[in-house]
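Colleague: The structure under discussion is supplied below as structure tokens; questions concerning it will follow.
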Amino acid sequence: MEIEPGVHLCRSYLDEAAQIALLREIEAVIARAPLFTPTMPRSGKPFSVRMTNCGPLGWVSDKAGGYRYQPLHPQTREPWPPIPPPLLEAWSALAAYPLPPQACLVNFYDPAARMGLHQDRDEADLCAPILSISLGADCRFRLGGSRRGDPSRAFALASGDALTLGGGARLRFHGVDRILPEIAPRLASPLFADGGRINLTLRRVG
Ligand code: MD6
Ligand code: FE
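Each position in the sequence shown, counted from 1, maps to that position plus 2 in my numbering.
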């Protein structure tokens, strides 16, 4: 499970029934906190991924304000919905951290979306790991080193897989090269009508 120091990959952490139960929770989160398209700081270029959040804080990005955490949805100005219990249980089981997560970023990928190589470093608390759970189509995930130019490796993340970046791996670069829409479980959901993938990342902010 520890595929490299600080990088834990738990294949099929959620079985099919647990994936469906979590998907119902995420549908409810999105009904209250609609997906929005973040934009890059300064350039204002839109992300290909759409996002929302649950938990006391949510990660947002836009041209004027840049990357940040805030307690309100940028469009509805409502607080984010609470983190669903199955995700809190996953954090307790896998994060090995005494405090609960403060933010859960929900990333929605349509089949053409991707995520550039990045570090997650907008959190004051870098001692806590980031825990990710995937639903829907497989993706080709890329894991680099602690500097952008370091060598990287790619592997698939599938529906139900859990991945944590912690310890010395907390600041490693990573991204999503592409979605593999041809490798997708049968999870009936309006969210997956056109294929697609959801990734949930649980964080301590600080
Ligand atoms: C994704 N994941 O799987 C993007 N970040 O769609 C992340 O950016 C990520 O999987 C921090 C820790 C684990 C992750
Ligand atoms: Fe990340």
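From the three backbone atoms N, C-alpha and C, an ideal C-beta is built for every residue, glycine too.
If you follow the alpha helix (DSSP H) that S94 is in, where does it begin and where does it stop?
Modeller: Residue mapping note: residue 94 aligns to position 92 of the sequence shown, counting from 1. Residues 87-96.
Colleague: For Q104, which residues in the same chain have their Cβ closer than 7 Å to its Cβ, ignoring the five residues on either side in sequence?
Modeller: By one-based count along the sequence shown, residue 104 stands at place 102. Excluding positions up to five away in sequence, the list reads G57, P58, L59, R205, R206, V207.
Colleague: When DSSP labels each residue in this structure, what does G169 get in the three-state scheme?
Modeller: Numbered from its first residue, the sequence shown carries residue 169 at position 167. Note: G169 maps to helix in three-state DSSP.
Colleague: Okay, do the stretch 13-20 and the stretch 153-163 touch, 3+ Cβ pairs below 8 Å being the bar?
Modeller: Output reads yes: the stretch 153-163 touches the stretch 13-20.
Colleague: Compute every distance between the C-beta of D112 and the non-hydrogen atoms of the ligand FE, then say whether any falls below 7 Å.
Modeller: On the sequence shown, residue 112 is found 110 positions in, with the first residue counted as 1. No, the ligand FE has no heavy atom inside 7 Å of this Cβ.
Colleague: For E80, list the residues DSSP reports as bridge partners.
Modeller: For the purposes of this step, residue 80 is taken as the residue at position 78 of the sequence shown. Bridge partners of E80: none, in fact.
Colleague: Quick one: residues in its chain with C-beta nearer than 8 Å to the C-beta of S45, no 5 flanking neighbours on either side, listed in chain order?
Modeller: Here residue 45 is taken as the residue at index 43 of the sequence shown, counted from 1. For S45, where only same-chain residues beyond five positions count, the Cβ hits under 8 Å are K65.
Colleague: Can you tell me whether P192 is helix, strand or coil according to DSSP?
Modeller: Translated into positions along the sequence shown, residue 192 becomes position 190. Of the three classes helix, strand and coil, the one that applies to P192 here is helix, per DSSP.
Colleague: Closest to R172 by CA distance: which of P76, K47, P131 is it?
Modeller: The residue given as residue 172 occupies position 170 in the sequence shown. Nearest C-alpha to R172: P131.
Colleague: Run through DSSP, which three-state label would L25 get?
Modeller: For this step, residue 25 is matched to residue 23 along the sequence shown. L25: helix per DSSP, three-state reduction.
Colleague: Would you call the CB atoms of M53 and P40 closer than 8 Å?
Modeller: Mapped onto the sequence shown, residue 53 falls at position 51. Mapped onto the sequence shown, residue 40 falls at position 38. Taking 8 Å as the Cβ cut-off, M53 and P40 qualify as a contacting pair.
Colleague: Which of helix, strand or coil does DSSP assign to R34?
Modeller: For this step, residue 34 is matched to residue 32 along the sequence shown. Of the three classes helix, strand and coil, the one that applies to R34 here is helix, per DSSP.
Colleague: Compute the Euclidean distance between the alpha carbons of E29 and L193, then round it to the nearest angstrom.
Modeller: Start at 1 with the first residue of the sequence shown, and residue 29 comes out as number 27. Start at 1 with the first residue of the sequence shown, and residue 193 comes out as number 191. So the two alpha carbons sit approximately 8 Å from each other.
Colleague: Heavy atom of the ligand MD6 less than 7 Å from the Cβ of M3, yes or no?
Modeller: Here residue 3 corresponds to residue number 1 of the sequence shown, with the count starting at 1. Every heavy atom of the ligand MD6 is 7 Å or more from the Cβ of M3, so no.
Colleague: Could you check which residue in L137, I135, G138, A158 has the C-alpha nearest to that of G144?
Modeller: As a working mapping, residue 144 is identified with position 142 in the sequence shown. Going by the sequence as given, residue 144 is Arg instead of Gly. For the residues L137, I135, G138, A158, the minimum Cα distance to R144 belongs to A158.
Colleague: Which residue marks the beginning of the beta strand (DSSP E) containing C56, and which one marks its end?
Modeller: Residue 56 sits at position 54 when you count from the first residue of the sequence shown. Run containing C56: 52-56, per the beta strand (DSSP E) assignment.
Colleague: Does at least one heavy atom of the ligand FE sit under 7 Å from the Cβ of T203?
Modeller: For the purposes of this step, residue 203 is identified with residue 201 of the sequence shown, where counting begins at 1. Yes.
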